[in-house]
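Here the protein sequences come in this chain order: A and B.
All letters in the first sequence, in the order written, are residues 8 to 477 by our numbering.
All letters in the second sequence, in the order written, are residues 8 to 477 by our numbering.
Every residue, glycine too, gets a C-beta built ideally from N, C-alpha and C.
It should be emphasised that the depicted structure is a prediction, and the values quoted were computed from it without experimental measurement.
Heads up: the structure comes next, in structure tokens.
Number of protein chains: 2
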Amino acid sequence: MRRPRTNSGAGELLVELRRDTSVPLHQQLESGIRERIRQGLLRADAVMPATRALAADLGLSRGVVVEAYQQLVAEGYLVSRAGGYTQVAPAAAAVRTEQPSAPATAGPPRIDLKYSKPDVSQFPRAAWLRSVRKVLNETPNSSLTYLDGRGADELREAMADYLNRVRGTSARPENVLICNGFAQGSRLLLQVLAAAGYRRLAVEDPSDNEVRDVATKAGLETVGVPVLETGLDVAALERSGADVVLVTAAHQFPTGAVASAQTRAGLVAWAAEHDAVVIEDDYDAEYRYDREPIGAIQGLAPESVVYAGTASKTLAPGLRLGWLVLPSRLVEPMSAAKVMDDRGSPVLDQLTFADFVARGEFDRHLRRMRPRYRRLRDALVGRLAERLPDLVPIGVSAGLHVMTWLPPDLTEEAVAEAALERGLGVYGLAPYWVGERGPDGLVFGYGSLTESAAVEGVDLLADAIRSLRR
Amino acid sequence: MRRPRTNSGAGELLVELRRDTSVPLHQQLESGIRERIRQGLLRADAVMPATRALAADLGLSRGVVVEAYQQLVAEGYLVSRAGGYTQVAPAAAAVRTEQPSAPATAGPPRIDLKYSKPDVSQFPRAAWLRSVRKVLNETPNSSLTYLDGRGADELREAMADYLNRVRGTSARPENVLICNGFAQGSRLLLQVLAAAGYRRLAVEDPSDNEVRDVATKAGLETVGVPVLETGLDVAALERSGADVVLVTAAHQFPTGAVASAQTRAGLVAWAAEHDAVVIEDDYDAEYRYDREPIGAIQGLAPESVVYAGTASKTLAPGLRLGWLVLPSRLVEPMSAAKVMDDRGSPVLDQLTFADFVARGEFDRHLRRMRPRYRRLRDALVGRLAERLPDLVPIGVSAGLHVMTWLPPDLTEEAVAEAALERGLGVYGLAPYWVGERGPDGLVFGYGSLTESAAVEGVDLLADAIRSLRR
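Okay, here's the thing in structure tokens:
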């Protein structure tokens, strides 16, 4: 067999080698060759320079070059041939990575009333760091390995104490499960319920119905049930044939309604009668400004209600910390589902949050934030009353959003468009209707505004609406 | 209507009130009453004491009692009756939470050779804390809100740099996705692949086949393909009809085989020919003791291979940090799947790890751990050669485990049982076979042992085996 002519001289392989780093020379040579193969500078079947020649060219000992070639042969970039020479492997040559297209995004509006974020600028960084330090100093090694699917004992204890005290739940640490926010918690719950034979999920209409896709994937049908001023219409729930219901009883999203005592009792009775499950999404109940928040329904019927809470509205969404208080029969299947899903939530965050709650920092943070949000809400609602008196806020004084209906001459699409032209993001109810689309309205999220931005936002909205009415 | 007789005098409601705390008196009273209702001490329809009487009994102003009753009426624990009195609501009375049965667990063996954990006692707590402090001091607020499903930019950049440098990957930050360990990453990937029409997953036989349940749930069939000394049998893969394969090419689990250059090229060619996907689970490649680790296959074919890595074997499983390097066409669907799954991984951990990697702390940690694990492995393998020369370790010197076959006179079940009687946990291959069960063998995990425990473990094993051969 004739040996092929070397088509790649050592000169083409002038890899820049640095002697001032701790990276061994053979590794530098390897990366240099790998890179050239990937870039197509060394093509398929190109014969590599003889080790002796390349070593001389680069001022290396031959052993270094041999080591690099051997490594790249083992990795599949080069092939060692019978004649004693080395070629670029065909499969490796001219590997190209495609550039994924950058997602197209329009610039954000100057003032954005989109609901979702709390004011993360107020995240208690110093107090959080104190808790991290304590955890890293004191946590036993055994806590750093795989854990119980329910989460760290310390956090389950801290949350049971906190929720029983502040939210009137009847929680025991054994029944608490820590999850990565409501998104994961509700998904696992719907999967477990579907596997247990539940078939139909009722959701409030209107509501934040992101959960619908998740329910469908889990094999549950979704049905909307109207929200009244007293919370979910229990008679309609009764007729719906649902066996699971998701409610935001303490502060309905988006209407701001609070479930009355009768609604609460009705939900509990409905669950008992039909062996059904109530999922209580207590997403922002910590923020009630006019009175003490209504305690959780879970406290009335802990074996029928799954309580769900989150740090996303109180601390920061980026923490991805949520918690469920489960009926006893769901503890084992949910724990198993969590383990299968991701082997449990990250433990350092859990222990940090446990310390943060146990030391009263969470209460302190909430006490500090409540008046801030209240002032924001007052500024927004006050300016609305002045400038747009026919946009009447409904719902109680709570949370991080307020909703108004629109007068019949306005549509939410037209208002949103005219507002956006003025640099204001304002959002309608359309995405929240489950069944037929209901009347037009607006949802104002004020969690991450300043007071002056809230006022200016209403002014821009007033201007937008005036332009539509001209 | 006759007013029912008060059957619950104020005396029964001697709630212990503390005036030395910041908890308002009406809240203390509320919790006290709630608790008594739950415990069945206040029964359904029990008439509550008149507010005036209870206030006098407890030394409170009447307003405090009224406030507490109103709150509990709103919450559904009490019902306000037309005659001006208040009763315990039937639904609320005698709420009992069932005690979930404690999971039965036998005591752990004194020395446990179960594979999985690294030595978490070596978790670099001080360096980690430095990174947390830096992150909490410097991270912009915008990073604390909901993020791109792929994860924090900082970590995607740090991991692309690290993996390209250390693992020979061809990663760009845009193609990196951060997940909660391999468990979540592989689950999302199989779901996305199933949705894209992939049908059959090939796994190594034997292998850690926890992924099989996940594949089945995602709608993929699983098929086992034999592992040779040169890695996966590519000819058998070809015949299997699979369109996805999961490989541990750098250090096969459990056999310890390393995929040869030919196997690597074969996998790449197979993927190209069948438009198939290779999932490269690079779970412990950072720990190779006899030579530089073989670079990742992903570097050869970044548009056919998904690279998967994890901090579970290098730092601590409790971190739940994993990463995928994705072919470009999978970036968008995987990012969307991650958002739907849990809205992204916790951000503080991501930013902390990014800083930890970028500052070279991760390399430093690995450099420190490699000789420790190597010594452990040497101690274990050395003692095996002395005491049990017919248990011959196979596979390369790498990772946190070693495997041996068993001589024909021994079964893994008998050995495990005799070992457990001596306080030693030792584990067979049975759970790892995918198709037919293969020959008997043992897998020794030494990640979290001490050298003396490794030696003592082998001695106990030798004693156990001697007892079986007597």
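(message) Quick check on DSSP: helix, strand or coil for Y434(A)?
(response) Here residue 434(A) is taken as the residue at index 427 of the first sequence, counted from 1. Of the three classes helix, strand and coil, the one that applies to Y434(A) here is strand, per DSSP.
(message) Whole angstroms are fine: how far does the CA of D155(A) sit from the CA of A134(A)?
(response) Within the first sequence, residue 134(A) is the residue found at index 127, counting from 1. Within the first sequence, residue 155(A) is the residue found at index 148, counting from 1. Their Cα atoms are separated by approximately 27 Å.
(message) Please tell me whether N216(A) has its Cβ less than 8 Å away from any Cβ of chain B.
(response) Locating residue 216(A) in the first sequence gives position 209, counting from the first residue. Not one chain B Cβ lies under 8 Å of N216(A).
(message) If you follow the alpha helix (DSSP H) that L383(A) is in, where does it begin and where does it stop?
(response) The residue you call residue 383(A) lines up with position 376 of the first sequence. Note, L383(A): alpha helix (DSSP H), 368-394.
(request) Answer with yes or no whether the minimum CB distance from G351(A) to chain B is below 8 Å. (result) Counting from 1 along the first sequence, the entry for residue 351(A) is found at position 344. True, the Cβ-Cβ gap to chain B drops below 8 Å.
(message) Taking its Cβ as the centre, do 16 or more other Cβ atoms sit within 10 Å of R103(B), making it buried, or is it exposed?
(response) One-based indexing of the second sequence puts residue 103(B) at position 96. Because R103(B) carries a pLDDT of 48, less than 50, the predicted location of this residue cannot be relied on, and the following value inherits that uncertainty. Exposed is the call here.
(request) Return no unless some Cβ of chain B is closer than 8 Å to the Cβ of I301(A). (result) Within the first sequence, numbered from 1, the residue matching residue 301(A) stands at position 294. Judged by the 8 Å Cβ criterion, I301(A) is in contact with chain B.
(message) Taking 8 Å as the threshold (beta carbon to beta carbon), is E245(A) in contact with chain B?
(response) In the first sequence, counting from the first residue as 1, residue 245(A) sits at position 238. No - not a single Cβ of chain B is within 8 Å of the one on E245(A).
(request) Taking only beta carbons into account, state which residues of the stretch 318-329 of chain B come closer than 7 Å to chain A, listed in chain order. (result) A323, P324, G325, L326, R327
(request) State yes or no: is the C-beta of V199(A) within less than 8 Å of the C-beta of L337(A)? (result) Here residue 199(A) corresponds to residue number 192 of the first sequence, with the count starting at 1. Here residue 337(A) corresponds to residue number 330 of the first sequence, with the count starting at 1. Cβ atoms of V199(A) and L337(A): closer than 8 Å.
(request) Kindly list the residues whose CB is nearer than 8 Å to the CB of P115(B), restricted to its own chain and excluding five residues on each side of it in sequence; keep chain order. (result) Stepping through the second sequence from its first residue, residue 115(B) is reached at position 108. Cβ neighbours of P115(B) beyond the five flanking positions: G432.
(message) What I want to know is whether the C-beta of D212(A) ends up closer than 7 Å to one or more non-hydrogen atoms of the ligand FMN.
(response) In the structure shown, the ligand FMN is absent, as is every other ligand, since no ligand is present at all.
(message) By the three-class DSSP mapping on this structure, what secondary structure does E443(A) have?
(response) Taking the first residue of the first sequence as 1, we reach residue 443(A) at position 436. Coil at E443(A), not helix or strand.
(request) Output, in sequence order along the chain, the residues in the stretch 82-93 of chain B whose CB is closer than 9 Å to any CB in chain A. (result) E82, G83, Y84, L85, V86, S87
(message) Taking a contact to mean a Cβ-Cβ separation below 8 Å, would you say A151(A) touches G325(B) in this structure?
(response) Along the first sequence, one-based indexing puts residue 151(A) at 144. Along the second sequence, one-based indexing puts residue 325(B) at 318. A small correction: the amino acid at residue 151(A) is Leu; Ala does not occupy that position in the sequence shown. Taking 8 Å as the Cβ cut-off, L151(A) and G325(B) qualify as a contacting pair.
(request) Could you tell me the distance, in whole angstroms, from the CA atom of G39(B) to the CA atom of E23(B)? (result) If you number the second sequence from 1, residue 39(B) lands on position 32. If you number the second sequence from 1, residue 23(B) lands on position 16. The alpha-carbon atoms of G39(B) and E23(B) are separated by roughly 8 Å.
(request) Locate the alpha helix (DSSP H) running through Y169(B), then write down its first and last residues. (result) In the second sequence, residue 169(B) corresponds to position 162, counting from 1. First-last of the alpha helix (DSSP H) with Y169(B): 160-173.
(request) Return the first residue and the last residue of the beta strand (DSSP E) that R207(A) is part of. (result) For this step, residue 207(A) is matched to residue 200 along the first sequence. Residues 207-212.
(request) Per DSSP, which residues does A315(A) bridge with? Please list them. (result) Numbered from its first residue, the first sequence carries residue 315(A) at position 308. A315(A) is bridged to D288(A), L331(A).
(request) Have a look at L328(B), P309(B), G452(B), V275(B) and flag the residue whose alpha-carbon is nearest the alpha-carbon of A318(B). (result) What you label residue 318(B) is simply residue 311 of the second sequence in a count that begins at 1. Closest option to A318(B), Cα to Cα, is L328(B).
(message) On the criterion of 16 or more Cβ atoms from any shown chain inside 10 Å, does G158(A) qualify as buried, or is it exposed?
(response) For the purposes of this step, residue 158(A) is identified with residue 151 of the first sequence, where counting begins at 1. Label assigned to G158(A): buried.
(request) Assign G238(B) to one of two classes, buried (16 or more other C-beta atoms within 10 Å of its C-beta) or exposed (fewer than that). (result) Counted from its first residue, the second sequence places residue 238(B) at position 231. So G238(B) ends up on the buried side.
(message) Using only CA atoms, which one of A57(A), G192(A), R140(A) lies nearest to D348(B)?
(response) Taking the second sequence and counting its residues from 1, the one referred to as residue 348(B) is at position 341. Closest by alpha carbon: G192(A).
(request) Just the chain B side, please: which residues come within less than 9 Å of Y153(A) by C-beta, in chain order? (result) Counting from 1 along the first sequence, the entry for residue 153(A) is found at position 146. Those within 9 Å of Y153(A) in chain B are S123, K124, S319, P324, G325.
(message) Quick check: the Cα distance between S15(A) and R137(B), rounded to an integer number of angstroms?
(response) Working through the first sequence from its first residue, we reach residue 15(A) at position 8. Working through the second sequence from its first residue, we reach residue 137(B) at position 130. Model confidence at S15(A) stands at a pLDDT of 42, short of 50, so the residue's coordinates are unreliable; what they give is reported in the following sentence. Computed Cα separation, rounded: 48 Å.
(request) Closer than 7 Å by C-beta to F363(B): which residues in its own chain qualify, once you throw out the five before and the five after it? Chain order, please. (result) Start at 1 with the first residue of the second sequence, and residue 363(B) comes out as number 356. A134, W135, S138, F369.
(request) Within its chain, find whatever has a CB closer than 8 Å to the CB of A425(B); leave out the 5 residues flanking it on each side and keep chain order. (result) The residue labelled residue 425(B) in the question sits at position 418 within the second sequence. The answer, listed in chain order, is A471, I472, S474, L475.
(request) Note down, in chain order, each residue of its chain lying with its Cβ closer than 6 Å to the Cβ of T255(B), except the 5 sequence neighbours on either side. (result) As a first step, residue 255(B) must be located in the second sequence, where it is residue number 248. So the qualifying residues of the chain are D288.
(message) Can you pull the chain A neighbours of R194(B), defined as C-beta to C-beta under 9 Å?
(response) Here the question's residue 194(B) lines up with position 187 in the second sequence. Correct list: M347, D348, D349.
(request) Mind checking who W412(A) pairs with in its DSSP beta bridge? (result) Counting from one through the first sequence, the residue named residue 412(A) turns up at place 405. Paired residue(s): G448(A).
(request) For G46(B), decide whether its Cβ has a neighbour in chain A, counting only Cβ atoms nearer than 8 Å. (result) As a first step, residue 46(B) must be located in the second sequence, where it is residue number 39. According to the sequence shown, residue 46(B) is Gln rather than Gly. No, no contact with chain A.
(request) Return the CA-CA distance between G263(A) and S214(A), expressed in angstroms with no decimal places. (result) Locating residue 263(A) in the first sequence gives position 256, where the first residue counts as 1. Locating residue 214(A) in the first sequence gives position 207, where the first residue counts as 1. Each residue's Cα considered, the two are about 11 Å apart.
(request) Report the partner residues of S87(B) according to the DSSP bridge assignment. (result) As a position in the second sequence, residue 87(B) is number 80, starting the count at 1. According to DSSP, which records beta bridges pairwise, S87(B) is partnered with T93(B).
(request) Would you kindly work out how many angstroms separate the C-alpha atoms of F260(B) and A98(A), rounded to a whole number? (result) Within the second sequence, numbered from 1, the residue matching residue 260(B) stands at position 253. Within the first sequence, numbered from 1, the residue matching residue 98(A) stands at position 91. Their Cα atoms are separated by approximately 26 Å.
(request) Could you check what DSSP says for N14(A) in three-state terms: helix, strand or coil? (result) Your numbering for residue 14(A) matches position 7 in the first sequence. Confidence in N14(A) is poor, its pLDDT being 40 and thus under 50, which makes the residue's placement unreliable; the coordinate value appears in the next sentence. It is coil, neither helix nor strand.
(message) By the three-class DSSP mapping on this structure, what secondary structure does A365(B) have?
(response) Numbered from its first residue, the second sequence carries residue 365(B) at position 358. In the structure shown, A365(B) sits in a helix (DSSP, three-state: H, G or I).
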